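First residue of the sequence shown? That's 2 in my numbering, and the numbers climb one at a time after it.
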Amino acid sequence: MAPILTNSNQPVVTERSPYTENGTVCVKNPHLDSLDEDVLYHFGLGTKTHNLPQMFGDVKFVCVGGSSKRMKAFAQFIQEELNLKDGRREVENICAGADRYSMYKTGPVLSISHGMGIPSISIMLHELIKLLHHARCRNVTIIRIGTSGGVGIEPGTVVITDTAVDSFFRPQFEQVVLGKVIIRSTKLDKELAKELINCSKMDPEIPAITGNTMCTYDFYEGQGRLDGAFCTFSTEEKLEYLTEAYTNGVRNIEMESTVFAAMCHLCGLKAAVVCVALINRFESDQITIPYEKLMQFEQRPQHLVSRYIKKCLGL
Ligand code: R2B
Ligand code: URA
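Written as structure tokens, this is what we have:
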């Protein structure tokens, strides 16, 4: 069902969008058909300047994460894991010209950075969804691999998101369109989450759980940190909020999952969120783990997702 806009300021919940029957990525914008050319500005790609079906038609897995360095490392890692290295040089950033996001393609796997926060990932996803549509990709699975703050869990634990929730623990994402609020569902693919948890069980090096992921608009005040430039609450109030989050099933906090879930859901992409917890927020706000440990933790979602992709490809 298409999003409904009301004349009042009352938000309206949109219905679940079913996966498309033939597995294609569904863009829901009638205006696109009248464009002579679709320029994917922040990718530095376009329907006239690039042969998108040829470049991307075989993509089956898209992995997205905040940092460009991490997504390059993931592309290199997956290249080796899928035996696609073949004496090849370094992986190449397809979006280098636009200098906003990094994108690497290794066989059927696309690895893209999305920056930090909802606005940044949302712009990337608009262009990615159109890219997959123009390239006529089918049966694509998308996974966000990232970092997060843990809520009552051991640092290093990987959280496979059950439901992405907002700062009020609601399973929804509010998009403001023409001055009105549209509420979108943040449901993720339960089957995919289950398959990922099963993959984690095959690797004792990857402690993983499922839980709700809270997505905020800010890293400091928005996540109840006491160490930002401003703070209006006490330690007790912070702990009370985190306890409420925990009671609502929240096991980690990050900054992109709600809009990621909502947009993937709308266009029929099978989606999951896999984030490692860098700290336990009941114990600290500052991230002070040594570099080596940070690298080790950051690799856990990558290793888990690589295991899943290899399983899907029968490797
Ligand atoms: C996790 O880490 C980033 C903030 O440090 C943010 O992008 C997120 O979701
Ligand atoms: N990313 C976040 O958004 N929060 C944290 O606490 C750690 C990483």
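Note that the Cβ used here is the ideal one computed from N, Cα and C, for glycine as well.
This one's a predicted model, so the numbers in the text were calculated from it and none came from an experiment.
Using a Cβ-Cβ cut-off of 7 Å (strictly less than) and excluding sequence neighbours within five positions of His135, which residues of its own chain qualify? Apart from sequence neighbours up to five positions away, the residues of its chain that approach His135 with a beta-carbon distance below 7 Å are Asp39, Thr48, Leu53, ordered along the chain.
Starting from Leu279, trace the beta strand (DSSP E) both ways and give me its first and last residue. Taken as a continuous stretch (DSSP letters only), the beta strand (DSSP E) holding Leu279 covers 271-281.
Here's the rule I'm using: 16 or more other beta-carbon atoms within 10 Å means buried, otherwise exposed. How should His115 be labelled? Sixteen is the threshold: when 16 or more other Cβ atoms of the shown chains lie within 10 Å of the Cβ of His115, as they do, the residue is buried.
Rounded to whole angstroms, what is the Cα-Cα separation between Leu132 and Ser103? Going by the C-alpha atoms only, they are around 15 Å apart.
Does the distance between the C-beta of Ile290 and the nearest non-hydrogen atom of ligand 2 fall short of 8 Å? Ile290 Cβ: outside cutoff for every heavy atom of ligand 2.
Sequence-distant residues of its chain with Cβ nearer than 6 Å to Arg308 (five each side left out): The residues are Cys200.
Beta carbon of Leu270, beta carbon of Val141: below 9 Å? Contact: yes.
When His32, Gly223, His51 are compared against Asn168, the one with the closest alpha-carbon: The identity of residue 168 in the sequence shown is Ser, whereas the question assumes Asn. Of His32, Gly223, His51, the residue nearest in Cα terms is Gly223.
Can you tell me whether Gln55 is buried or exposed? The criterion is at least 16 other CB atoms within 10 Å of its CB, across all chains shown. Per the 10 Å Cβ criterion, exposed.
Exposed or buried, Asp59, counting other C-beta atoms within 10 Å across all chains shown (16 or more means buried)? Its Cβ having fewer than 16 others within 10 Å, Asp59 is exposed.
According to the Cβ coordinates, are Ile124 and Val65 closer than 9 Å? No, they are not a contact pair.
Exposure label - Ile5; buried when at least 16 CB within 10 Å: Model confidence at Ile5 stands at a pLDDT of 42, short of 50, so the residue's coordinates are unreliable; what they give is reported in the following sentence. By the 10 Å Cβ count, Ile5 comes out exposed.
Could you compute how far the alpha carbon of Lys70 sits from the alpha carbon of Leu111? Straight through space, the alpha carbons of Leu111 and Lys70 are spaced by roughly 15 Å.
3-residue-minimum beta strand (DSSP E) runs that sit fully inside the region 39-106, ordered along the chain: Scanning the region 39-106 from its first residue to its last, the whole beta strand (DSSP E) runs of 3-plus residues come out as 62-66.
With a 10 Å radius around its C-beta and 16 neighbouring C-beta atoms as the bar for buried, classify Asn94 as buried or exposed. In this structure Asn94 is buried. Its beta-carbon is surrounded by 16 or more other beta-carbon atoms within 10 angstroms.
So if DSSP puts Cys216 in a beta bridge, which residue, or which two residues, is it bridged to? DSSP lists Glu255 as the bridge partner or partners of Cys216.
Start and end residues, beta strand (DSSP E) containing Lys181: Note, Lys181: beta strand (DSSP E), 181-186.
Under the criterion of a Cβ to heavy atom distance below 8 Å, does Thr148 qualify as lining ligand 1? The nearest non-hydrogen atom of ligand 1 is less than 8 Å from the C-beta of Thr148.
Looking at Arg252: is its Cβ nearer than 9 Å to the Cβ of Ala273? Against a cut-off of 9 Å, the Cβ pair of Ala273 and Arg252 comes out as no contact.
What does the alpha-carbon distance come out to for the pair Leu36 and Glu81? When the Cα atoms are used, Leu36 and Glu81 turn out to be separated by approximately 40 Å.
Roughly how many whole angstroms lie between the Cα atoms of Gly98 and Tyr242? About 43 Å.
Excluding sequence positions up to five away, which residues of its chain have a Cβ less than 7 Å from the Cβ of Ala246? For Ala246, the CB contacts under 7 Å within the same chain, skipping 5 residues up- and downstream, are Val152, Phe170, Met215 in chain order.
Quick check: the Cα distance between Lys239 and Glu284, rounded to an integer number of angstroms? Looking at the two C-alpha atoms, the distance is approximately 11 Å.
Just confirm the distance between the C-beta atoms of Phe57 and Cys96, as a whole number of angstroms; I'd bet it's less than 8 Å. The C-beta distance from Phe57 to Cys96 rounds to 12 Å, too long to fall under 8 Å, and the pair is not in contact.
Express the C-alpha separation of Thr107 and Leu85 in angstroms, rounding to a whole number. Leu85 and Thr107 have their C-alpha atoms roughly 7 Å apart.
Examine chain C for any beta-carbon lying closer than 9 Å to the beta-carbon of Ile119, and answer yes or no. Going by chain labels, chain C is absent from the structure shown, which holds only one protein chain.
Could you tell me whether any non-hydrogen atom of ligand 4 is closer than 8 Å to the CB of Met203? Among the ligands modelled here, namely ligand 1 and ligand 2, ligand 4 does not occur.
Tell me the rounded alpha-carbon separation between Val26 and Lys61. Between Val26 and Lys61, the C-alpha separation is close to 11 Å.
Starting from Ile210, follow its DSSP beta bridges and name the residues at the other end. Beta-bridge annotation (DSSP): Ile210 is paired with Val160.
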